[in-house]
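A.B. asks: Residue numbers (my numbering): 72 to 329.
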């Protein structure tokens, strides 16, 4: 088979694989690796700005005396994106808490991410140390008046990717680094509707109450799929895969006789 023909075969195999994978679409994305802040891509800031040293968004209000706040709210998503009983969607974020939140219901918006559909508001809080502990592993919790765990036993000495998938049956699947950890009904997580978050994502520190907190945020995204395995891959990865196939083919061709 000629080298040109082999390239066409590689392309066909790759396109077939991508087609069978049925990846979803990216509806919203902030990636700190780009070097900017959410304001640079249309998000609205409230309170103290975060900084980006090059590959992460640093939320750190601990250096200033007194309780500080600082959060970012996304542009409004397409109508119907967040709809109770509606289409699937997935919210993904990568974060590393640097300080602990007090295990108090009033602390829910300190290192948090929140959104609203047409009927409820939902929120999760990143807890560096479980419950009232001051060491050990931590959790992803939900709730306002009190906290309930969605993902437990997280080693926060390194950043992790959390994916929350909304699917039929009105439930949320919680994944940690691509592994399913729990499934929770929307009625357990949902709180009173809040128009501030309607069809938007908001993250950071949303309150001036209690102790100041710090965290590193790496990315926040919304997809039209509810499973991280279906999250769309960058085109560059597909092209790299094709190039690799072509390179392998070239390496397998025998050298010409001399």
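We put the CB at the ideal spot given by N, CA and C, even for glycine.
Between residue 128 and residue 110, what straight-line distance do the alpha-carbon atoms span, to the nearest angstrom?
C.D. replies: Their backbone Cα atoms lie some 12 Å apart in a straight line.
A.B. asks: In terms of residue numbering, what span does the alpha helix (DSSP H) encompassing residue 257 cover?
C.D. replies: Counting along the chain, the alpha helix (DSSP H) containing residue 257 begins and ends at 257-260.
A.B. asks: So is residue 267 buried or exposed if we call it buried at 16+ other beta carbons inside 10 Å?
C.D. replies: Answer is exposed; the Cβ neighbour count stays below 16.
A.B. asks: So what does DSSP say about residue 111, is it helix, strand or coil?
C.D. replies: Correct three-state label for residue 111: helix.
A.B. asks: Restricting to Cα atoms, I'd like to know which of 290, 277, 113 is closest to residue 101.
C.D. replies: Measuring from the Cα of residue 101, the nearest candidate turns out to be 290.
A.B. asks: Could you give the first and the last residue of the continuous beta strand (DSSP E) run that contains residue 161?
C.D. replies: 160-168 is the extent of the beta strand (DSSP E) around residue 161.
A.B. asks: Can you confirm whether the stretch 191-205 touches the stretch 135-152 when touching is taken to mean that 3 or more C-beta pairs between the two stretches lie within less than 8 Å?
C.D. replies: Because the criterion of three Cβ pairs below 8 Å is not met, the stretch 135-152 and the stretch 191-205 do not touch.
A.B. asks: Going by the beta-carbon positions, is the gap between residue 22 and residue 169 smaller than 8 Å?
C.D. replies: The first residue shown for the chain is 72 and the last is 329, placing residue 22 beyond what the model contains.
A.B. asks: Residue range of the beta strand (DSSP E) that residue 267 falls in?
C.D. replies: Premise fails: residue 267 is in no beta strand (DSSP E) and is neither H nor E.
A.B. asks: Please state whether the Cβ-Cβ distance between residue 299 and residue 249 is less than 8 Å.
C.D. replies: Yes.
A.B. asks: Could you check where the beta strand (DSSP E) with residue 130 kicks off and where it finishes?
C.D. replies: First-last of the beta strand (DSSP E) with residue 130: 128-131.
A.B. asks: Since residue 277 is in the beta strand (DSSP E), which residue starts that stretch and which ends it?
C.D. replies: Where residue 277 is concerned, there is no enclosing beta strand (DSSP E), given that its DSSP letter is neither H nor E.
A.B. asks: Here's a check: name, in chain order, each residue in its chain whose Cβ is nearer than 6 Å to the Cβ of residue 220, leaving out the five neighbours to either side.
C.D. replies: Closer than 6 Å at Cβ, skipping near neighbours: 210, 212.
A.B. asks: Around the Cβ of residue 270, are there at least 16 other Cβ atoms within 10 angstroms (buried) or fewer (exposed)?
C.D. replies: Answer is buried; the Cβ neighbour count reaches 16.
A.B. asks: Quick one: Cα of residue 238 to Cα of residue 260, how far?
C.D. replies: Taking the straight line from one Cα to the other gives about 14 Å.
A.B. asks: Relative to the alpha-carbon of residue 297, which residue among 124, 252, 234 has its alpha-carbon at the smallest distance?
C.D. replies: Taking only the C-alpha atoms, the option nearest residue 297 is 234.
A.B. asks: For residue 274 and residue 184, which I take to be in contact (beta-carbon distance under 8 Å), what is that distance rounded to the nearest angstrom?
C.D. replies: About 4 Å; that satisfies the 8 Å criterion.
A.B. asks: Of the choices 167, 113, 133, 157, whose alpha-carbon is the least far from that of residue 144?
C.D. replies: For residue 144, the nearest C-alpha among the options comes from 113.
A.B. asks: Given residue 115, which residues of its chain have a CB within under 6 Å of its CB, disregarding the five upstream and five downstream residues?
C.D. replies: For residue 115, where only same-chain residues beyond five positions count, the Cβ hits under 6 Å are 144.
A.B. asks: Taking only the alpha-carbon atoms, compute the straight-line gap between residue 214 and residue 156 and give it to the nearest angstrom.
C.D. replies: Whole-angstrom Cα-Cα distance: 21 Å.
A.B. asks: Under a three-way DSSP split, which group does residue 299 fall into?
C.D. replies: In this structure, residue 299 counts as helix in the three-state DSSP scheme.
A.B. asks: Relative to the C-alpha of residue 287, which residue among 131, 257, 225, 201 is closest?
C.D. replies: Nearest option by C-alpha distance: 131.
A.B. asks: Would you say residue 294 and residue 95 are within 8 Å of each other, going by their C-beta atoms?
C.D. replies: The answer is yes: Cβ separation under 8 Å.
A.B. asks: I'd like to confirm the pairing. Which residues does DSSP put opposite residue 286 in its beta bridges?
C.D. replies: 130, 168, per the DSSP bridge assignment.
A.B. asks: Could you pull the start and end residues of the beta strand (DSSP E) that residue 238 belongs to?
C.D. replies: It spans 231-238 - the beta strand (DSSP E) in which residue 238 sits, taken as one unbroken run.
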